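Peer 1: Read in this note's numbering, the sequence shown has 521 at position 520, and its numbers run on one by one without any break.
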Amino acid sequence: MTVDPTLLSLAEYRCIGPTRGGRVVAVAGDPNDRNVCYFGAVAGGIWRTDDAGLYWECISEGQLNTGSIGALAVAPSDANVIYAGTGESTIRIDVSHGDGIYKSTDTGKTWHHMGLAESRHIGEIQIHPKNPDLVYVAVLGHAAKDSPERGVYRSADGGETWELILHVADNAGAVDISMDPNNPRIIFATTWEARRNFWSINSGGPGSGLWRTTDGGDTWENISTNPGLPEGTLGKIGVAVSPAQRGRLWAIVEAEGRKRGLYRSDDHGDTWTKTSSKPELAWRPWYYMHVYAHPTDPNTVWVLDMKAWKSIDGGNEFTEFDMPHGDTHDLWIDPKDPDRMIGADDGGAFVSMTGGYSWSSIYNQLTAQFYHLDVDDQFPYNVYGSQQDNSSICVPSRTGKGAINWADCYAPGTAESGYVAVKPGDPNIVFVGAIGSSPGGGDSLQRYDHTTKQIQLVSVWPEAYHDGNTAEVRFQWTYPIMFSPHDANTLYAAGNKLFRSTDEGHSWDEISPDLTRADPDTMGVSG
2 MTVDPTLLSL
12 AEYRCIGPTR
22 GGRVVAVAGD
32 PNDRNVCYFG
42 AVAGGIWRTD
52 DAGLYWECIS
62 EGQLNTGSIG
72 ALAVAPSDAN
82 VIYAGTGEST
92 IRIDVSHGDG
102 IYKSTDTGKT
112 WHHMGLAESR
122 HIGEIQIHPK
132 NPDLVYVAVL
142 GHAAKDSPER
152 GVYRSADGGE
162 TWELILHVAD
172 NAGAVDISMD
182 PNNPRIIFAT
192 TWEARRNFWS
202 INSGGPGSGL
212 WRTTDGGDTW
222 ENISTNPGLP
232 EGTLGKIGVA
242 VSPAQRGRLW
252 AIVEAEGRKR
262 GLYRSDDHGD
272 TWTKTSSKPE
282 LAWRPWYYMH
292 VYAHPTDPNT
302 VWVLDMKAWK
312 SIDGGNEFTE
322 FDMPHGDTHD
332 LWIDPKDPDR
342 MIGADDGGAF
352 VSMTGGYSWS
362 SIYNQLTAQF
372 YHLDVDDQFP
382 YNVYGSQQDN
392 SSICVPSRTG
402 KGAINWADCY
412 APGTAESGYV
422 AVKPGDPNIV
432 FVGAIGSSPG
442 GGDSLQRYDH
452 TTKQIQLVSV
462 WPEAYHDGNT
472 AEVRFQWTYP
482 IMFSPHDANT
492 LYAAGNKLFR
502 STDEGHSWDE
512 ISPDLTRADP
522 DTMGVSG
């Protein structure tokens, strides 16, 4: 059926939810106003709250060329000035790239592109504490190929011009920067040799390292082999200077085997001591590796990973630091009041005025990520999808009371990110493709019956595997499922072969040969 384009042009989008947040990797706070905070969504632009997280407003709508924000910083000396780096450096298989730096000089009301268009993925922004025009940016660069744009950039004129001041290699970019607030000419940066292919990620190599400058970035020294740091191949590294004790800094280091962990220096990086080998601090390092120093207590440090961790004894012992969701990525701590914090994880952004003992809600952010949708044949119709890092969800297109509330929605399965297929003629039956964090593990398929509120695993090929070269049947992270438009009882699921079920997934027929190239070089452990 062909639809008249003029009719489509008259249609307007309206948001129907859900109001639970999506992934966030960048947060920042106003240095003067306790209630003003910012976050950058990986797929939703830049947001601001004026009431400490009770209500968030998108302040970048229509002003950016990309919705993916990887870094965010407010100038300590001028709260009107905000820099945003686009394209996150947590290079997932589904990562979105950016187009450089944006800047606002009016607390986010208007935004202007300030260059570095080929930076692709930006990991960190640091602004001089007394000069809002002096800014440093960590550029990872193109995730899937070599690029000369990788490294640390400096601008002395508010982003009008940029200078590449640290370039290690075309296959290694910068991912973190930490400036000594007691002497802003002392800066530490980390570089990461990484390559994201569609089938795997390679993390670590000669290009990974820890660097130091004592002259504001004019010259750099590689301190990766200084006494106490791990020998051998390094991967992703996070670094944080302690404002509370001159010379103290922290590094969370991806290294070989049990060499990975948290390291501390008390002499500006000349020598190091490993303080913790706790595996949970550096699990899945390509996705995490962030460390934060307390502004006034030199012995308190946070490390963000799948969970957040806090130490109050100089990095030796860690306890879990509760955040609302999990998969934690950023933490802004007010240097004037350390109890005021802004956190970010795969569930959104949140504000604390109690040092993390309580947080604002993540169920007030319109930044949910959906890859695939389906609709049923009801009136009004319902929309189904699987939200990244959450569950599947069904949201009505409208209600009779003028608003769509959480009570109007339900979760037709626990899957995140996958496809959804609603049975034609019976919207109570919903199939969702699941991933490893869902019941049944990776490649599982769930059948949800809304009349009984029960989930049944009806996976095509329940045999688990870790390496595609050893598997007879292989499925993508998000594999297609759909009902036939000709027969409401015929359900298809696609792996490397096509499968068909006519009994709601209780049995499956293989109806095709291997339709992939089956290249063994692309079927190993993906990472």
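Don't be surprised by glycine CBs; every beta carbon is placed ideally from N, CA and C.
If you're wondering where the values come from, they're calculated on a predicted model, not measured in any experiment.
By DSSP's criteria, residue 223 is part of a beta bridge. Which residues make up the other side?
Peer 2: 212
Peer 1: By how many angstroms is the C-alpha of residue 460 removed from the C-alpha of residue 191?
Peer 2: 43 Å
Peer 1: For the 8 Å Cβ check, are there 3 or more pairs between the region 466 to 481 and the region 77 to 90?
Peer 2: Contact fails: fewer than three Cβ-Cβ distances are below 8 Å.
Peer 1: Using C-beta distances below 6 Å, list every residue in its chain close to residue 276, excluding the 5 sequence neighbours before and after it, in chain order.
Peer 2: 263, 265, 316 and 317
Peer 1: What do you get for residue 255, buried or exposed, if any count of 16 or more other CB atoms within 10 angstroms of its CB means buried?
Peer 2: buried
Peer 1: Residue 193 by DSSP, collapsed to three states: which one?
Peer 2: strand
Peer 1: Run through DSSP, which three-state label would residue 331 get?
Peer 2: strand
Peer 1: With DSSP collapsed to three states, give me the class of residue 470.
Peer 2: DSSP places residue 470 in helix when its eight states are reduced to three.
Peer 1: Note the first and the last residue of the continuous beta strand (DSSP E) segment covering residue 397.
Peer 2: 393 to 397
Peer 1: Taking Cβ positions, are residue 193 and residue 159 nearer each other than 8 Å?
Peer 2: no
Peer 1: Mind checking whether residue 396 and residue 419 have CB atoms under 8 Å apart?
Peer 2: no
Peer 1: Name the DSSP bridge partner or partners of residue 155?
Peer 2: 137 and 164
Peer 1: For residue 213, does the count of other Cβ atoms within 10 angstroms reach 16, so buried, or fall short, so exposed?
Peer 2: buried
Peer 1: Quick one: grab the DSSP three-state call for residue 260.
Peer 2: helix
Peer 1: How should residue 487 be labelled, buried or exposed, when 16 other C-beta atoms within 10 angstroms of its C-beta is the threshold for buried?
Peer 2: exposed
Peer 1: Go through its chain and collect everything with a Cβ distance to residue 394's Cβ below 7 Å, but skip five positions before and after it.
Peer 2: The answer, listed in chain order, is 19, 386, 388, 410 and 412.
Peer 1: Please determine if the region 327 to 341 and the region 10 to 17 are in contact, where contact requires at least 3 C-beta pairs separated by less than 8 Å.
Peer 2: Too few Cβ pairs lie closer than 8 Å, so no.
Peer 1: How would you write the range of the alpha helix (DSSP H) that residue 8 sits in, first residue to last?
Peer 2: 6 to 11
Peer 1: Throw me the rounded Cβ distance for the residue 304 and residue 294 pair, which I believe falls under 8 Å.
Peer 2: Wrong, their Cβ atoms sit about 11 Å apart, outside the cutoff.
Peer 1: Quick check on the burial criterion: 16 or more other C-beta atoms within 10 angstroms. Buried or exposed for residue 403?
Peer 2: exposed
Peer 1: For the candidate residues 382, 392 and 390, whose alpha-carbon lies nearest to that of residue 401?
Peer 2: Cα-wise, what sits closest to residue 401 is 382.
Peer 1: Does the distance from the C-beta atom of residue 40 to that of residue 350 stay below 8 Å?
Peer 2: Cβ atoms of residue 40 and residue 350: closer than 8 Å.
Peer 1: Any idea if residue 1 is buried or exposed, counting beta-carbon neighbours within 10 angstroms, 16 or more meaning buried?
Peer 2: Any answer about residue 1 is impossible in this case: the structure gives the chain only from 2 up to 528.
Peer 1: With three or more beta-carbon pairs closer than 8 Å as the criterion, would you say the region 352 to 362 touches the region 370 to 380?
Peer 2: no
Peer 1: Using DSSP bridges, identify the partner residues of residue 511.
Peer 2: Its beta-bridge partners are 500.
Peer 1: Around the Cβ of residue 454, are there at least 16 other Cβ atoms within 10 angstroms (buried) or fewer (exposed)?
Peer 2: exposed
Peer 1: Helix, strand or coil, according to DSSP, for residue 125 in the structure here?
Peer 2: strand
Peer 1: Any contact between the region 126 to 145 and the region 179 to 188? By contact I mean 3 or more CB pairs, one from each, below 8 Å.
Peer 2: yes
Peer 1: Looking at residue 492: is its Cβ nearer than 8 Å to the Cβ of residue 502?
Peer 2: For the pair residue 492 and residue 502, the CB atoms are nearer than the 8 Å cut-off.
Peer 1: Compute the beta-carbon to beta-carbon distance between residue 449 and residue 21, rounded to the nearest angstrom, for a pair I have assumed lies under 8 Å.
Peer 2: Taking 8 Å as the upper bound for CB-CB distance, residue 449 and residue 21 are not in contact here, some 19 Å apart.
Peer 1: Kindly indicate which three-state DSSP category residue 479 falls into: helix, strand or coil?
Peer 2: coil
Peer 1: Between the Cα of residue 195 and those of 146, 250 and 519, spot the shortest distance and give me the residue it belongs to.
Peer 2: 146
Peer 1: With DSSP run on the structure shown, which of helix, strand or coil describes residue 65?
Peer 2: coil
Peer 1: For residue 482, count neighbouring Cβ atoms within 10 angstroms of its own Cβ and tell me buried if that reaches 16, exposed if not.
Peer 2: buried
Peer 1: Could you tell me which uninterrupted beta strand (DSSP E) segments, each at least 3 residues in length, are contained entirely in the region 297 to 342, listed from first to last along the chain?
Peer 2: 302 to 305, 309 to 312 and 329 to 334
Peer 1: Which of helix, strand or coil does DSSP assign to residue 200?
Peer 2: coil
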